[in-house]
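Residue numbers (the UniProt record's numbering): 1 to 429.
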């Protein structure tokens, strides 16, 4: 009997199709742990000086708005760098860009602790922001390429958890370390923690198996970006991300000044612990997704703006319990609005979704950069009342901007993309 031609010794073995890591596999666990470590490292460093703003003001004789530049320049540099860095990753590779990003940022974080003056600290933080852009610009693309689709939602969720815990943990560490030895010790502590996380990331991360260098030209990319910016709905969504983050940054940048002063006079460690409230965003982001499905993006964003404004008002009395409740409400409202706007970008963009999301990310972090100094002026001029008034104005503006969005409920997406959209929204906080 003749053998089938495909089984003859002369035929080459078929080349297997690239496959992603499935949930439960060793490679999947390594990817998750590596991205968790990188996310923790990145977001611990991004906001490392936020808890330290009152001490920087006292040490360098700065008003709150000027001290907040140590946060604003970092988020602003990240916002400007995220799109160019994403282009580099398309040609150079995701893992390379992420590795350079986390190690460079960690070393700059340690170096910033030895800045002889505030101007040098600001310059180092700006360069660190450029370095930090490597992770948010590439991590989700890496996961989408290297993890199989049924497992992608859970992988995104763990990456987001690393981001959230890093943002929260970095503030907790700086609060505790600054109580023990001042702002320089705090920045060294966060820098060394980030460096350890970067080493864990490099050791754990498997080599890319499914990455293919992109041939998209700069002209083509520019055309895609222009088409997104020409879309009036996308412009509204980008503006909403910027507005919500400006309000959120105002509250958390200057909250420390209020809680360290009378009548609260809390220790720095306790003020840093306030950031545990970030966990409220995890629940409100999921609730926002369900609300969008029932009521549409416009009503969801109106609701989120109203909740954020209500939370800000609750922080006005000199009562610590009310301040904490107000922060929980405000944080839940912010994450709900951010999640709704961020997920709407992915639904609206018909092509170039990665670029559309990158533009949203850039607008979001620019909101943090603008909101910091503007909020500082309001706080310096009118105290906490001025900061709250700015939040109310911003939330009113968010309501107006959201009016131009569709009032129809969103079509119910498949489970995996729904988780990805919510993960994208939460990962940027």
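Quick reminder that beta carbons are idealized off the backbone N, C-alpha and C, glycines included.
{"Check": "Reference residue 105, options 29, 289 and 47, closest by Cα", "Outcome": "47"}
{"Check": "Sequence-distant residues of the same chain with beta carbon closer than 8 Å to residue 208, five excluded per side", "Outcome": "93, 94, 95, 142, 145 and 146"}
{"Check": "Stretch-stretch touch, CB-based, cutoff 8 Å, three pairs: the region 366-381 with the region 249-262", "Outcome": "yes"}
{"Check": "Collapsed DSSP secondary structure at residue 21 in the structure displayed", "Outcome": "strand"}
{"Check": "Nonlocal neighbours in the same chain, by C-beta distance under 7 Å from residue 32, ignoring five residues either side", "Outcome": "155 and 158"}
{"Check": "Residue from 400, 371 and 403 whose Cα sits closest to the Cα of residue 72", "Outcome": "371"}
{"Check": "Environment of residue 150 [buried if 16+ CB atoms lie within 10 Å]", "Outcome": "exposed"}
{"Check": "Burial state of residue 262, where buried means 16 or more other Cβ atoms lie within 10 Å", "Outcome": "exposed"}
{"Check": "With 16 other Cβ atoms within 10 Å as the buried cut-off, status of residue 351", "Outcome": "exposed"}
{"Check": "Distance CB(residue 329)-CB(residue 310) smaller than 8 Å", "Outcome": "yes"}
{"Check": "Distance between beta carbons of residue 245 and residue 364, contact taken as under 8 Å", "Outcome": "5 Å"}
{"Check": "Other residues of its chain near residue 345: CB distance less than 7 Å, five sequence neighbours each side excluded", "Outcome": "234, 237, 356, 357 and 360"}
{"Check": "Nearest neighbour of residue 381, chosen from 211, 63 and 166 [CA to CA]", "Outcome": "63"}
{"Check": "N-terminal and C-terminal residue of the alpha helix (DSSP H) that residue 211 is part of", "Outcome": "Counting along the chain, residue 211 falls outside any alpha helix (DSSP H), and DSSP gives it neither H nor E."}
{"Check": "Alpha-carbon spacing of residue 148 relative to residue 19, whole angstroms", "Outcome": "7 Å"}
{"Check": "Three CB pairs or more closer than 8 Å across the region 333-348 and the region 283-296", "Outcome": "yes"}
{"Check": "Residue 212 burial status per 10 Å Cβ neighbour count (16 or more: buried)", "Outcome": "exposed"}
{"Check": "Check whether residue 41 and residue 194 have beta carbons under 8 Å apart", "Outcome": "yes"}
{"Check": "Range covered by the alpha helix (DSSP H) that runs through residue 279", "Outcome": "Taken as a continuous stretch (DSSP letters only), residue 279 belongs to no alpha helix (DSSP H), as it is neither H nor E."}
{"Check": "Minimum C-alpha distance to residue 387 - residue among 316, 325 and 85", "Outcome": "316"}
{"Check": "Residue(s) in a DSSP beta bridge with residue 147", "Outcome": "21"}
{"Check": "For residue 206 and residue 12, the rounded distance between their alpha carbons", "Outcome": "Reliability of the predicted coordinates at residue 12 is poor, the pLDDT of 47 falling under 50, and no value is obtained from them."}
{"Check": "For residue 91, the first and last residue of its enclosing alpha helix (DSSP H)", "Outcome": "69-92"}
{"Check": "CA-to-CA distance, residue 287 to residue 332, given in whole angstroms", "Outcome": "10 Å"}
{"Check": "Whole-angstrom C-beta distance between residue 79 and residue 126, which should lie under 8 Å", "Outcome": "Their Cβ separation, rounded to whole angstroms, is 12 Å, which puts residue 126 and residue 79 out of contact at 8 Å."}
{"Check": "Alpha-carbon to alpha-carbon, residue 90 and residue 135", "Outcome": "13 Å"}
{"Check": "Near the ligand MN: residue 145 beta-carbon under 7 Å from a heavy atom", "Outcome": "As far as ligands go, the structure on display features none, and thus does not contain the ligand MN."}
{"Check": "Given residue 367 as reference, the closest of 248, 397 and 202 once Cα atoms are compared", "Outcome": "248"}
{"Check": "Boundaries (first-last residue) of the alpha helix (DSSP H) holding residue 33", "Outcome": "26-46"}
{"Check": "Residue burial classification, residue 430 (beta-carbon count within 10 angstroms, cutoff 16)", "Outcome": "The question about residue 430 has no answer here: the residues shown for the chain are numbered 1 through 429."}
{"Check": "Short Cβ contact (8 Å threshold) for residue 221 with residue 87", "Outcome": "yes"}
{"Check": "Test item: CB-CB of residue 171 and residue 275 under 8 Å", "Outcome": "yes"}
{"Check": "Which of helix, strand or coil DSSP assigns to residue 416", "Outcome": "Because residue 416 sits at a pLDDT of 41, beneath the cut-off of 50, its placement in the model cannot be relied upon, and the following sentence gives the value as read from the coordinates. Reduced to three states, the DSSP call for residue 416 is helix."}
{"Check": "Neighbourhood of residue 314 by C-beta distance below 7 Å, restricted to the same chain and skipping five residues each side", "Outcome": "322, 325, 326 and 329"}
{"Check": "Which of helix, strand or coil DSSP assigns to residue 319", "Outcome": "coil"}
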